[in-house]
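Residue numbers (the working numbering): 3 to 190. C-beta atoms are modelled at their ideal positions from N, C-alpha and C, and glycine is treated no differently. For clarity, every value in this text was computed on a predicted model and none was experimentally measured. Just below is one structure, and these are the notes that go with it.
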């Protein structure tokens, strides 16, 4: 019995060591194959408004995806978030594809076809966790408001990309307007 147990223990230790070697090799291969940003293209493209717009919109989409993913872990919000995010993504998918394509070409040049979402978020130095961005807002509050917020013009990437987004209406439904001119003189 001791011999069987010793053999099992040796087999487990060897399998563990092989798995560790494999994961280290995989990590080294992934690091070597990681896409490098074209050196002149690091940071935000303030001098190139079209690229800067795509960077901003990618950041919005990235933030939404992080928040939606975090909300899926909260059972009270999971279904509503899935439905709202799926509907938003169905409407915005083409714009997202355009943004990803354009940014991949900008950041990775001839290797743009290899670029994936994580490569772009790394190139833009975006977080991979929504929690720090929430600041003082709780995850529950953010998740509760996401289905309504995601339908607003702020997240209409297609319109924003085309430059034709309507101004967002305030929550009370009344847009602020300049007062109408009057013929009355101010009180003296």
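Span separating the alpha-carbon of residue 169 from that of residue 155: By one-based count along the chain shown, residue 169 stands at place 167. By one-based count along the chain shown, residue 155 stands at place 153. In this prediction, residue 169 scores a pLDDT of 41, lower than 50, which makes its location untrustworthy; no coordinate-derived value is stated.
Contact check, residue 132 vs residue 74, beta carbons under 9 angstroms: On the chain shown, residue 132 is found 130 positions in, with the first residue counted as 1. On the chain shown, residue 74 is found 72 positions in, with the first residue counted as 1. In this structure, residue 74 does not lie closer than 9 angstroms to residue 132 by Cβ.
Cβ pair count under 8 angstroms reaching 3, the region 52-63 against the region 110-117: No, they do not touch.
Contacts around residue 104, its chain only, beta-carbon distance under 7 angstroms, and the 5 residues preceding and following it disregarded: Translated into the one-based positions of the chain shown, residue 104 becomes position 102. Cβ neighbours of residue 104 beyond the five flanking positions: 56.
Cutoff 7 angstroms; reference residue 126; Cβ partners in own chain excluding five residues on either side: In the chain shown, residue 126 corresponds to position 124, counting from 1. Same-chain partners within the cutoff: 57, 60, 61.
Candidates 152, 164, 108: closest to residue 237 by CA position: Not covered by the structure: residue 237. The range shown for the chain is 3 to 190.
Run of the alpha helix (DSSP H) containing residue 124, from where it starts to where it stops: Taking the first residue of the chain shown as position 1, residue 124 is located at position 122. That run of the alpha helix (DSSP H) goes 119-125.
8 angstroms Cβ shell around residue 80 - same chain, five flanking residues per side excluded: Along the chain shown, one-based indexing puts residue 80 at 78. Taken in chain order, the residues that qualify are 73, 74.
Sequence-distant residues of its chain with Cβ nearer than 7 angstroms to residue 162 (five each side left out): Translated into positions along the chain shown, residue 162 becomes position 160. Closer than 7 angstroms at Cβ, skipping near neighbours: 59.
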